[in-house]
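Following: one structure in structure tokens, then a few remarks.
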Amino acid sequence: MFDSVEQAQNLTTQWLWVYNNERPYFALGGIPSRTKVA
């Protein structure tokens with residue numbers, strides 16, 4: 001699945017950033033939290 005622990009950590013960090021910054025939030029009316037803050 002992953003070639004190294006470092007690769008797994010990097011992919012997890014990228015996924016977490018997208019989840020927290022680009023994913024639409026139902027509670028915010030379907031917009032990403034980053035858009036709400038801006």
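Mapping of the sequence shown onto this note's numbering: residues 1 to 38, in sequence order. C-beta atoms are modelled at their ideal positions from N, C-alpha and C, and glycine is treated no differently. The structure presented is a predicted model; accordingly, all values stated were derived computationally and were not measured.
Own chain, CB closer than 6 Å to residue i, minus 5 neighbours either side, in chain order
| i | result |
| --- | --- |
| T8 | Going by the sequence as given, residue 8 is Ala instead of Thr. Counting only Cβ-Cβ distances below 6 Å, and skipping sequence neighbours, we find F2. |
Element boundaries [alpha helix (DSSP H), containing residue i]
| i | result |
| --- | --- |
| L16 | 5 to 21 |
Nonlocal neighbours in the same chain, by C-beta distance under 8 Å from residue i, ignoring five residues either side
| i | result |
| --- | --- |
| P24 | G30, I31, P32 |
Neighbour flag for residue i against chain C, beta carbons, 8 Å
| i | result |
| --- | --- |
| P32 | The chain inventory of the structure shown lacks chain C, comprising one protein chain alone. |
Span separating the alpha-carbon of residue i from that of residue j
| i | j | result |
| --- | --- | --- |
| N10 | F26 | 27 Å |
| T12 | E6 | 10 Å |
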